[in-house]
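A.B. asks: Its first residue numbered 512, the sequence shown is counted upward by one per residue in the numbering used here.
The following block contains the structure, expressed as structure tokens.
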Amino acid sequence: LGDEARADALMLRAVEIGRQRAAGLAAVDWALLRLAERRKNVGDIAGAVRWLEEATEVVDVKSVFALGREVARMAAQEGGDLTLAGKLYEKLWEREPTAREAWQPLADIYQRLGDMEKLERVVTETLDGLQNAAERNELRVMLAGGLMAIPGREEEATAVLRDVLN
Numbered sequence: 512l513g514d515e516a517r518a519d520a521l522m523l524r525a526v527e528i529g530r531q532r533a534a535g536l537a538a539v540d541w542a543l544l545r546l547a548e549r550r551k552n553v554g555d556i557a558g559a560v561r562w563l564e565e566a567t568e569v570v571d572v573k574s575v576f577a578l579g580r581e582v583a584r585m586a587a588q589e590g591g592d593l594t595l596a597g598k599l600y601e602k603l604w605e606r607e608p609t610a611r612e613a614w615q616p617l618a619d620i621y622q623r624l625g626d627m628e629k630l631e632r633v634v635t636e637t638l639d640g641l642q643n644a645a646e647r648n649e650l651r652v653m654l655a656g657g658l659m660a661i662p663g664r665e666e667e668a669t670a671v672l673r674d675v676l677n
């Protein structure tokens, strides 16, 4: 009814109660999503990520992905926090590893950050689960691009690109 502070306090209390009850946070999944959305709307991306991280454990995949993608895109924008975006996409990817909307931006973020260890992990753990050959090849090309940027790993990149052609 327009009393934003009271609404926040009630949702925070619902989450607190949910944490104490046997049903857990699943019983108050609505509050987790709403708190994340409210944080996003005021530009508090870190706060939105914090609430979404909890929500990924209990909220249905479609709902958490919809809001999660918005928040992660905001974090990945120019001047944003790419690491924060990666953290959220990683939670989404852990929940649904073959969902393109999770692995594709996560792999892109790790490539942009130059974090080859995490990029290789995403590729390794996702590749076999993908049914679509084009998606598998897209993932391999992302890995090859990351490897090419590292001196001394050009041969590995070439081997990955050969896999794309086979």
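Glycine included, each C-beta is placed from N, C-alpha and C at the ideal position.
Nothing here was measured: the structure is a model prediction, and the numbers come from that model.
(1) Taking contact to mean 3 or more Cβ pairs, one atom from each stretch, closer than 8 Å, check whether the region 626 to 637 and the region 646 to 658 are in contact.
(2) Using a 10 Å radius around the Cβ and a threshold of 16 neighbouring Cβ atoms, would you call L521 buried or exposed?
(3) Kindly say whether E612, judged by its beta-carbon, lies nearer than 8 Å to any beta-carbon of chain B.
(4) Are the Cβ atoms of A566 and L543 separated by less than 8 Å?
(5) Cα separation between A610 and E581?
(6) Could you check which residue in E636, R623, A645, V575 has the C-alpha nearest to that of V675?
(7) Do V569 and L536 have their C-beta atoms closer together than 8 Å?
(8) Go ahead and pull the three-state DSSP assignment for L641.
(9) For D619, which residues from the same chain have a beta carbon less than 8 Å from its beta carbon, with the 5 sequence-adjacent residues on both sides left out?
(10) First and last residue of the alpha helix (DSSP H) that includes G513?
(11) Using beta-carbon positions only, say whether E601 and V572 come within less than 8 Å of one another.
(12) Mark R524 as exposed unless 16 or more other C-beta atoms lie within 10 angstroms of its C-beta, in which case mark it buried.
(13) Short of 7 Å in beta carbon distance, which residues of its chain neighbour A668, apart from the five on each side in sequence? Order them along the chain.
(14) What are the uninterrupted segments assigned as beta strand (DSSP E) that are 3 or more residues long and contained completely in the region 580 to 616, given in chain order?
(15) Where L624 and L617 are concerned, what is the direct C-alpha to C-alpha distance, given to the nearest angstrom?
C.D. replies: A quick look at the data gives this:
(1) yes
(2) Here residue 521 corresponds to residue number 10 of the sequence shown, with the count starting at 1. So L521 ends up on the exposed side.
(3) Of the chains in the structure shown, none is chain B; there is only one protein chain.
(4) Position 55 of the sequence shown, counting from 1, holds the residue named residue 566. Position 32 of the sequence shown, counting from 1, holds the residue named residue 543. Yes, the Cβ-Cβ distance between A566 and L543 is below 8 Å.
(5) What you label residue 610 is simply residue 99 of the sequence shown in a count that begins at 1. What you label residue 581 is simply residue 70 of the sequence shown in a count that begins at 1. Spanning the two alpha carbons is a distance of roughly 16 Å.
(6) Here residue 675 corresponds to residue number 164 of the sequence shown, with the count starting at 1. Nearest option by C-alpha distance: A645.
(7) As a first step, residue 569 must be located in the sequence shown, where it is residue number 58. As a first step, residue 536 must be located in the sequence shown, where it is residue number 25. In contact: V569 and L536 (Cβ atoms closer than 8 Å).
(8) Taking the sequence shown and counting its residues from 1, the one referred to as residue 641 is at position 130. In this structure, L641 counts as coil in the three-state DSSP scheme.
(9) As a first step, residue 619 must be located in the sequence shown, where it is residue number 108. Excluding residues within five positions, the ones whose Cβ falls inside 8 Å are M653.
(10) As a first step, residue 513 is located in the sequence shown; it is residue number 2 there, counting from the start. It is not in any alpha helix (DSSP H) - G513 carries neither H nor E in the DSSP assignment.
(11) Locating residue 601 in the sequence shown gives position 90, where the first residue counts as 1. Locating residue 572 in the sequence shown gives position 61, where the first residue counts as 1. Cβ distance not < 8 Å, so E601 and V572 don't count as in contact.
(12) On the sequence shown, position 13 is the one that residue 524 refers to. That one is exposed.
(13) As a working note, residue 668 is residue 157 in the sequence shown. Around A668: A655, L658, M659.
(14) none
(15) As a position in the sequence shown, residue 624 is number 113, starting the count at 1. As a position in the sequence shown, residue 617 is number 106, starting the count at 1. The straight-line gap from Cα to Cα measures roughly 11 Å.
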